[in-house]
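Position 361, counted from 1, in the sequence shown is what this note's numbering calls 620; the numbers after and before it change by one each time, with no gaps. Quick reminder that beta carbons are idealized off the backbone N, C-alpha and C, glycines included.
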Amino acid sequence: MSAFLFVVPPLVGHVNPLVGVASELAARGHRVAWAGDPELVRRLAGPGAAVHPCSPSHPGGPDGGGGSGADPVRPPGMRGPAALRFLWERFLVPLAEAMAPGVREAVGAFRPDAVVADQQALAGALVAEELGIPWATSATTSAEFADALAPMPRVAAWNDELLSGLRRRIGRPGGTCDPRFSPYLVLAFSTPELAGPVLRGGDRIAWVGPSLAARPRPAAFPWERLDPGRALVLVTLGTANAGAGGRFLTEAAGAVRARAGAVQGVFADPDAVLGVREDDPDVVALPYVPQLDLLERAAAAVCHAGHNTVCEALWHGVPLVVAPIRDDQPVVAAQVAGCGAGVRVRFGRAGAAAIGAALDTVLGEPRIRAAAAGVSAAFRAAGGAAAAADHLERLARPPAGEGEDG
Numbered sequence: 260m261s262a263f264l265f266v267v268p269p270l271v272g273h274v275n276p277l278v279g280v281a282s283e284l285a286a287r288g289h290r291v292a293w294a295g296d297p298e299l300v301r302r303l304a305g306p307g308a309a310v311h312p313c314s315p316s317h318p319g320g321p322d323g324g325g326g327s328g329a330d331p332v333r334p335p336g337m338r339g340p341a342a343l344r345f346l347w348e349r350f351l352v353p354l355a356e357a358m359a360p361g362v363r364e365a366v367g368a369f370r371p372d373a374v375v376a377d378q379q380a381l382a383g384a385l386v387a388e389e390l391g392i393p394w395a396t397s398a399t400t401s402a403e404f405a406d407a408l409a410p411m412p413r414v415a416a417w418n419d420e421l422l423s424g425l426r427r428r429i430g431r432p433g434g435t436c437d438p439r440f441s442p443y444l445v446l447a448f449s450t451p452e453l454a455g456p457v458l459r460g461g462d463r464i465a466w467v468g469p470s471l472a473a474r475p476r477p478a479a480f481p482w483e484r485l486d487p488g489r490a491l492v493l494v495t496l497g498t499a500n501a502g503a504g505g506r507f508l509t510e511a512a513g514a515v516r517a518r519a520g521a522v523q524g525v526f527a528d529p530d531a532v533l534g535v536r537e538d539d540p541d542v543v544a545l546p547y548v549p550q551l552d553l554l555e556r557a558a559a560a561v562c563h564a565g566h567n568t569v570c571e572a573l574w575h576g577v578p579l580v581v582a583p584i585r586d587d588q589p590v591v592a593a594q595v596a597g598c599g600a601g602v603r604v605r606f607g608r609a610g611a612a613a614i615g616a617a618l619d620t621v622l623g624e625p626r627i628r629a630a631a632a633g634v635s636a637a638f639r640a641a642g643g644a645a646a647a648a649d650h651l652e653r654l655a656r657p658p659a660g661e662g663e664d665g
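Next comes the structure, spelled out in C-alpha cells:
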C-alpha cells in the first residue's frame, strides 16, 4: 500500500473535491494525510483526518471566506487584471511561502509515496519537486487549461516572473516546473464536454469528472417549506462572495417573486441581506443550505459560476444561470454558455427582469435541459473519486522503467 499527502489551500471549494478521493484511497488500504489548515480540513473531511498544520496565521481565502480566520479582503468591485494581481500578490504567493516549511515537515514526518497538490497550494508542488517526490496536480477548476492570460501578454509575463521568483525562494535551485501543472499527472475534476478545448496540460490531464462526497450538513433545513408544485431554484454565490452579493441576491429574489406561482427560490444568504420572513412562501433564505441535497430536487440554479457549484449542478443535470464575479468565474461561465447548459448574465448590472428572463430560458428551453443532461452523463461516466484514485495509485507505484513523463 502507498502513502498520499494532500496539500490544500484554506479554501472550501479546493478541499471538497479531494475529500472523496482521500476517502476512496483510505478505503483501498492506503495511508492518507493532509497538509493545510487543520480546522477547515477536519470540518470537511471528518474529525479523524490526519492533518499536518502548514497554514498562515490568517487562513481565510482572498475574500475572507473558506478558512477559519481573517485575510486581506479584496474590494467588492475589483475585477480583471487588478483582481488577478491581488489574488497572486496578496494571497497565493504569501500562502505558498507560509505553507512551505509545514509541507516540508509533513513530508518528513509522513514520508509519502506521492503528493497531491492543489493548483492554488503552490508550496505542495514546489516542495515535492525539490525533494524528488512524484506529485499530482489537483485542478478543482478547469479555467487554467484555457490559458486565459494569452490575450494579455504583459499580464502573462508578470505572472511568469512572479512564479519564477517563488520557485527561487522555496523551490529546487534551477527548478523549472509550473506548480499548477504537474509533469506526472493533472487531475481535472471536469470533462471536455464542459471544459471545451484545452490549451495547457496536454496528455497529462486525467478527466475524472466531479468528486462528490458526503459533507457536513448545516443546521436543520425546513424541507416542509418547499412546494412540490413549483420549480425549485437554488441561488448561491459560494463561500467567498457574500460581501459582494447583496445587490444581486436582492434582484434574484425579485425575479423569483415575480414568478411566485411557478417558481420557489432557496437562497444561500450568509449575511442575511434579504431579510426574509420564516413563513415566506416564495423565498427560503438561510445562511447555509444543503447544496447537494437541494440540487437533487432543483429545476435550475443561479450562481456565480464557481467551478464546484457549476459541476455539482450539472452532475445533477440542473441547468444554470451564471453571473461570474471574478477570477476563474468568467472562464467557467463561458464554458457553461458554450456547452449550451446555461445562460450568462452580468453580475454587476443584471436586475430582476434580466435574471428572470434568464430563468425563464433555462426552465423552458428543452435544448438547454438536454445540454445539461449531456454534461451530467459525461460527468458520471468519468468515474469521479474512484477514477482519481486509480490514477494516483499508478503514480505512486509506476510500472518498472516508467519515467517522469510516462
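Take Ala292, set aside five residues on each side of it, and the residues of its chain with a beta-carbon closer than 6 Å to its own are Leu264, Ala309, Phe369, in chain order.
Straight-line measurement puts the Cα of Ala286 at about 33 Å from the Cα of Ala527. For Thr509, the three-state secondary structure derived from DSSP is helix.
Spanning the alpha carbons of Val522 and His575 requires a straight line of approximately 19 Å.
The Cβ-Cβ distance between Val595 and Leu618 does not fall below 8 Å.
Gly288 and Ala342 have their C-alpha atoms spaced approximately 42 Å apart.
Restricted to the region 267 to 314, the beta strand (DSSP E) segments that are unbroken, complete and at least 3 residues in length are 290 to 295, 310 to 312, listed in chain order. Here the C-alpha atom of Gly504 lies approximately 33 Å from the C-alpha atom of Leu425. Of the residues assessed, Met260 falls on the exposed side of the cut-off, its CB having fewer than 16 other CB atoms within 10 angstroms. Going by beta carbons, Glu452 and Gly610 fall outside the 8 Å limit. Two segments are said to touch when three or more pairs of C-beta atoms, one from each, lie closer than 8 Å; by this definition the region 642 to 655 does not touch the region 581 to 596. Comparing alpha carbon positions, the residue from Ala262, Ala564, Tyr443, Thr620 closest to Val581 is Ala564. At the C-beta level, Ala454 and Ser397 stay beyond 8 Å of one another.
Taking 4 residues as the shortest admissible run, the region 344 to 408 contains the following complete alpha helix (DSSP H) segments, listed from N- to C-terminal end: 352 to 369, 381 to 390. In this structure, the alpha-carbon of Asp649 lies about 10 Å from that of Val467. Annotation for Ala637: Thr450, Glu452 place their beta carbon closer than 6 Å to its own, counting only its chain and skipping 5 residues before and after. DSSP, reduced to helix, strand and coil, places Ile464 within a strand of the structure shown.
Minimum Cα-Cα distance from Asp539 among the listed residues Cys598, Arg516, Pro583, Ala559 corresponds to Arg516.
Unbroken alpha helix (DSSP H) stretches of 4 residues or longer found wholly inside the region 577 to 606: 588 to 597, given in chain order.
Between the region 414 to 433 and the region 262 to 278, the count of C-beta pairs closer than 8 Å stays below three; the two stretches do not touch.
Taking the CA atoms as reference points, Ala531 sits about 18 Å from Val561.
If you look at Val492, you'll find it in the beta strand (DSSP E) that goes 490 to 495. One Cα belongs to Pro297, the other to Val280, and the distance between them is close to 18 Å. DSSP, read as helix, strand or coil, puts Gly642 in coil. A direct Cα-Cα distance of roughly 14 Å separates Arg603 from Arg585.
Ala415 and Ala514 have their C-alpha atoms spaced approximately 39 Å apart. The alpha-carbon of Val375 is positioned some 42 Å away from that of Gly534.
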